[in-house]
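Residue numbers (the UniProt record's numbering): 1 to 328.
Don't be surprised by glycine CBs; every beta carbon is placed ideally from N, CA and C.
Below you'll find the structure, written out as structure tokens, and then a few comments.
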Amino acid sequence: MPNGSLNELLHRKTEYPEVAWPLRFRILHEIALGVNYLHNMNPPLLHHDLKTQNILLDNEFHVKIADFGLSKWRLMSLSQSRSSKSAPEGGTIIYMPPENYEPGQKSRASVKHDIYSYAIIMWEVLSRKQPFEEVTNPLQIMYSVSQGHRPETDEESLPFDIPHRAVMLSLIEAGWAQNPDERPSFLKCLIELEPVLKTFEEITFLEAVMQLKKTKLRSASSTVPLHDKKMELSLSVSLNRGPQEESCGSSLQPPKSGGSPGTSRSLSAPQDSEPSSRRSQDCTQHQQLVNHSWDSNVSAARRAAPCSLAAVNPLSAGGHAGFMPLSI
1 MPNGSLNELL HRKTEYPEVA WPLRFRILHE IALGVNYLHN MNPPLLHHDL
51 KTQNILLDNE FHVKIADFGL SKWRLMSLSQ SRSSKSAPEG GTIIYMPPEN
101 YEPGQKSRAS VKHDIYSYAI IMWEVLSRKQ PFEEVTNPLQ IMYSVSQGHR
151 PETDEESLPF DIPHRAVMLS LIEAGWAQNP DERPSFLKCL IELEPVLKTF
201 EEITFLEAVM QLKKTKLRSA SSTVPLHDKK MELSLSVSLN RGPQEESCGS
251 SLQPPKSGGS PGTSRSLSAP QDSEPSSRRS QDCTQHQQLV NHSWDSNVSA
301 ARRAAPCSLA AVNPLSAGGH AGFMPLSI
């Protein structure tokens, strides 16, 4: 998606230093709309893997809910108890309700799975923090949640200046209730969220989107000059290290050349340690050196041609390395 996931929007604070409140509430409202639609299908489709990584954002930062692989599995096994005893992955355990930690639980409680995940997402959107970020062991998270602990809702995590804080906090605490039967439906969440959205004018949503686009563009453009400099430096180093065409006045370093079919002859290149007078030999001496290794069938006119730029021909017609004159 053009704007990645909700997780990126919330936690890439260098790229998105500010996320306006109207847009945050619109995102939460659209998530509730999408999941409520799934739950009202016949039969109901349960997502069961809601998390900020699966909430994708299009070009205008509208919500697209992704990753329905687990939801299909839930639909097919709705009447069956869980048989897998493997521990859930650490990245998803944060959004999983405590009743799903143990296999063999009745599926009746599973219809409240998504609302628990949504409550964690609401907290994450309002705080722009990772839930249980101080805990690294998933088993510790599972134990803490099973004992009734949840992410902090104090002023440090959810500042008092959050718009409609009381309404949102009430929804969050009801959504992650320990008892699944006490959790509200997504329809109830929508009824609570719609009046909140109506307090913002439509222009505020557009302004929030435009501000994010400008911030993202500015963040991206600030990295381009450094990237270009690195490319330029890399290209320069590659060119300096690559093979170079040698002129007659420079040191000639010929490889092995083919003298006749079945024989080869090696020409040693002058070294930098040799006197400068030897490196400055004239064109005639170099031409004679090269011509000495050429095949006897080369015409006299070619051998007598004035010295020009010489390019290394990796394989001559006889299968040996040689030189190929270039016309300029």
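Nearest-angstrom Cα separation, counted from residue j out to residue i
i: R183; j: E207; result: 34 Å
i: G34; j: Y116; result: 15 Å
i: H62; j: T136; result: 32 Å
i: I65; j: H113; result: 16 Å
i: E60; j: A220; result: 18 Å
i: E232; j: A20; result: With a pLDDT of only 47 at E232, under 50, the local geometry of the prediction cannot be trusted, and no value is derived from it.
i: L23; j: N40; result: 26 Å
i: I203; j: Y143; result: 45 Å
i: E15; j: S157; result: 21 Å
i: I141; j: Q178; result: 14 Å
i: W176; j: H149; result: 10 Å
i: M210; j: R218; result: 12 Å
i: R12; j: Y101; result: 30 Å
i: E155; j: H164; result: 14 Å
i: S1; j: P44; result: Contrary to the premise, residue 1 reads as Met rather than Ser in this sequence. Rounded to whole angstroms, M1 to P44 spans 27 Å at the Cα level.
i: F205; j: N42; result: 34 Å
i: residue 347; j: H48; result: Any question about residue 347 goes unanswered here, given that the chain covers just 1 to 328.
i: L38; j: S222; result: 41 Å
i: D161; j: T199; result: 16 Å
i: T215; j: E30; result: 23 Å
i: E134; j: A166; result: 26 Å
With 16 other Cβ atoms within 10 Å as the buried cut-off, status of residue i
i: N3; result: buried
i: M168; result: buried
i: N54; result: buried
i: R26; result: buried
i: E124; result: buried
i: E194; result: exposed
i: E201; result: exposed
Pick from the options that is closest to residue i, judged by C-alpha positions
i: L212; options: H29, P180, D58 and N40; result: D58
i: L139; options: I93, R128, I162 and P180; result: I93
i: L28; options: A119, L46 and S110; result: A119
i: N7; options: R26, P195 and Q130; result: Q130
i: E99; options: S146, E173, K13 and T153; result: S146
i: E192; options: A174, F205 and K216; result: A174
i: N36; options: D161, T153 and S185; result: S185
CB contact flag (residue i, residue j, <8 Å)
i: A32; j: L190; result: yes
i: L46; j: V111; result: yes
i: M122; j: L171; result: yes
i: T52; j: S5; result: yes
i: Y95; j: L56; result: no
i: F132; j: P159; result: no
i: P180; j: P97; result: yes
Endpoints, beta strand (DSSP E) assigned at residue i
i: L190; result: First-last for L190: F186 to K198, but that is the alpha helix (DSSP H), not the beta strand (DSSP E).
i: V63; result: V63 to I65
i: I55; result: I55 to L57
Limits of the unbroken alpha helix (DSSP H) element including residue i
i: I162; result: I162 -> no alpha helix (DSSP H), and no H or E assigned at all.
i: L38; result: W21 to H39
i: E124; result: H113 to S127
i: S5; result: Counting along the chain, S5 falls outside any alpha helix (DSSP H), and DSSP gives it neither H nor E.
i: Y143; result: P138 to S146
i: S222; result: E202 to S222
i: I93; result: G90 to I93
Residue i Cβ short of 7 Å to the ligand ATP heavy atom set
i: T92; result: Of ligands this structure carries none, so the ligand ATP is not represented either.
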